[in-house]
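Below you'll find the structure, written out as structure tokens, and then a few comments.
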Ligand code: SF4
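Chains as they are written, first to last, in our numbering: chain S, 1 to 469; chain A, 470 to 673.
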């Protein structure tokens, strides 16, 4: 019987059928960070439970650790040190590999699990963090879990999972210049709402994928959770195999050969069926930006902010009105030209080398607008060093950006460093929720190139106005 | 985990779509490695007029601060409740505040699972049904998990769907890890076979 890639991976990890659509699935890798990993490990310790197989478990410091140069265990976030020392202590006790603050492999969990070859096609990987779906770009079945499930995975190497439905998203056509994977996922969420993939694992497929690098695919899959998907998947192809080859935890020798043979079978068979299907014509997509407080509040950069009055559903209309009020914007206003106070390039969505290159291309030889606070935070120490080797840091610094150590940084407000109350931020992150980047902070999601262009102009700008875009 | 059988309590309407876990418990309210002390941070961005944790000023317009809902134990919400961050703190905060159930047209998938694992019952009902429940002012609702119904004192009653696996866990208040450990043999058998077939997937 023809199967989807999801069904293949699911079936190959099936330990037991628990009935009524629930299964006990084998979990191949667990990734932890100091914010949520600390609590899962300490809760286990309280109950006298052990990590069953520490060789398959990895941890890093990304969420709470500062990104200022010269950082250590002390954090701007009050109480942050407790998370760091607790994770370190528990990881040591359990025998888990930790990419600690000064480790050259340190970085945002979802960036480094790919970089290190910990996430691989066909594996199941979980992390107590919702953006674990990023790794679906490699063809891994990877999803975010809560703390209780994290303990479950660490103790038993399995999870109890209700089998999700399947949504196929077929991508067709070529992206226009200046348009990126970020714009694609924003538009998808905008068009079908933030609940659009509810209850489903999403597979991106179709001829439009070939033009996307693995890093771009990670951007696409990263925001599947903003589209309410259980996770996202992209079948591995030669681009994926090239990416995976030679990474520190990638199999070698005969194991590599066996893995490759298996990975080449990991595609959706002709005739396999999804529960739902969508088509997206990539040629129609513009550089995009959000205007409100949900990723579904997406418009093209040349468009106007929509009118809640035109919305029939009362709850949706109310939500739009609340969003406009929070964002201090009016319906009908052109989004391009809205002034920004800050610009942020970073996060597990858009902090890899290709993202920094795209932004640097726009910034090169230019200066950001007066009064704009701008930050570039590489996704990993490895990305940071590679960027420095190419001289990208100089372009950012000369343009007026801060150049930080790797981590999540101001993708979210932990209670320490933050943007000023009410600041308007153009940001390459994934969540524009109320207060996400600080109390009263107004976040506009966009691609790194759009963030760079907007930082230069001092207002939300169309990257296509820059020759380099 | 506390078993969940039947529950009767006051339902408070917070009819917004896409209430994310950052809104339920902002990151800045999660300052300790602990599952406790989160109740006061619940909906902090909406519930308080300021961000000063030492001197909170209640926002009188926010529905949870209205006296008739002071003892609310059931939350009525819009679509996609609990979307966003995986933080289980959202569930711990709702429970510590005093909620035992959330009724919404749909839930973020990680939140839904987290809720089940902690004995907070997430109930899916169509938006129209939720609007009817809201119209009964400061309604006392009765939730019966055995029969999977939500009912008002005035005779309105809705049946909801719940995965039987989750229902049984909730009814018995069982720990999923203990249950899974009973299947240790099956797990080891699987791994022995899997290590042959996918040796590349194992790091040891
Ligand atoms: S970069 Fe942002 S979204 Fe990504 S893991 Fe860190 S905090 Fe979460």
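Yeah, the Cβ is synthetic: ideal placement off N, Cα and C, and Gly gets one too.
In this text, all values refer to a predicted model and were calculated from it rather than measured experimentally.
- Identification of chain A residues near residue 6/S by a Cβ-Cβ cut-off of 7 Å yields none; the smallest Cβ-Cβ distance measures about 15 Å.
- If only uninterrupted alpha helix (DSSP H) runs of at least 4 residues are considered, those enclosed by the region 509 to 543 of chain A are 513 to 516.
- Taking 8 Å as the cut-off, the Cβ atoms of residue 335/S and residue 273/S do not count as close.
- Judged by DSSP secondary structure, residue 166/S falls within the beta strand (DSSP E) whose first and last residues are 165 to 172.
- By the Cβ neighbour-count rule, residue 492/A is buried, with 16 or more other Cβ atoms within 10 Å of its own.
- In the three-state DSSP reduction, residue 80/S falls in the helix class (H, G or I).
- In summary, the residues of the region 483 to 498 of chain A whose CB is separated from some CB of chain S by less than 9 Å are 484, 485, 486, 487, 489, 490, 491, 492, 495, 496, 497 and 498, in the order they occur in the chain.
- The region 388 to 404 of chain S and the region 470 to 489 of chain A do not touch, with fewer than 3 CB-CB distances between them shorter than 8 Å.
- In the pairwise beta carbon analysis, the region 522 to 533 of chain A is classified as not touching the region 436 to 449 of chain S: fewer than three pairs are separated by under 8 Å.
- Put simply, of 343/S, 33/S and 152/S the residue whose alpha carbon is nearest the alpha carbon of residue 367/S is 343/S.
- Residues 67, 346 and 377 of the same chain have their beta carbon placed closer than 6 Å to that of residue 409/S, with the five preceding and five following residues left out of the count.
- For the C-beta of residue 659/A, the chain S residues within less than 7 Å are, from N- to C-terminus, 15 and 26.
- Residue 402/S and residue 413/S have their C-alpha atoms roughly 18 Å apart.
- Cβ-Cβ distances below 6 Å link residue 215/S to 352 and 354 in the same chain, with the five nearest sequence neighbours on each side left out; the list follows chain order.
- Residue state for residue 583/A is assigned as helix, using DSSP reduced to three classes.
- Secondary structure of residue 635/A (DSSP, three-state): helix.
- Residue 564/A places its beta carbon 8 Å or farther from that of residue 481/A.
- Given a length threshold of 3 residues, each whole run of the beta strand (DSSP E) inside the region 126 to 163 of chain S is given here in chain order: 141 to 144 and 158 to 162.
- DSSP places residue 558/A within a helical segment (H, G or I) once states are collapsed to three.
- In the DSSP assignment, residue 353/S falls within the alpha helix (DSSP H) that extends over 353 to 363.
- Contact between residue 95/S and residue 249/S does not hold, since their C-beta atoms are separated by about 16 Å, which reaches or exceeds 8 Å.
- Here residue 393/S carries a helix assignment [DSSP, helix/strand/coil].
- Taking 8 Å as the threshold, the shortest C-beta distance from residue 129/S to chain A falls below it.
- A distance of 8 Å or more separates the beta carbons of residue 487/A and residue 331/S.
- Of the residues assessed, residue 504/A falls on the buried side of the cut-off, its CB having 16 or more other CB atoms within 10 angstroms.
- In this structure, residue 412/S has its CB closer than 7 Å to one or more heavy atoms of ligand 1.
- Classified as exposed, residue 50/S has fewer than 16 neighbouring CB atoms from the shown chains inside 10 Å of its CB.
- Within the same chain, and ignoring the five residues on either side of residue 561/A in sequence, the residues whose Cβ sits closer than 6 Å to its Cβ are 504 and 507.
- For residue 127/S, same chain residues with a beta-carbon under 6 Å away, outside a window of 5 residues either side, are 31 and 109 in chain order.
- By the criterion of a C-beta distance shorter than 6 Å, residue 132/S is surrounded in its chain by 142, 143 and 144, once the five residues flanking it on both sides are discounted.
- Between ligand 1 and residue 110/S, a heavy atom-to-CB distance of less than 7 Å is present.
- Using a Cβ-Cβ cut-off of 8 Å, residue 633/A counts as an interface residue toward chain S, since at least one Cβ of chain S sits closer than that to its own.
- In terms of Cα proximity to residue 609/A, the closest of 552/A, 497/A, 483/A and 541/A is 541/A.
- DSSP places residue 102/S outside both helix and strand once states are collapsed to three, so it counts as coil.
- Shown here for residue 52/S: same chain residues with a beta carbon closer than 8 Å to its own, the five before and five after excluded, namely 154, 155, 156 and 157 in chain order.
- Taking 8 Å as the cut-off, the Cβ atoms of residue 137/S and residue 247/S do not count as close.
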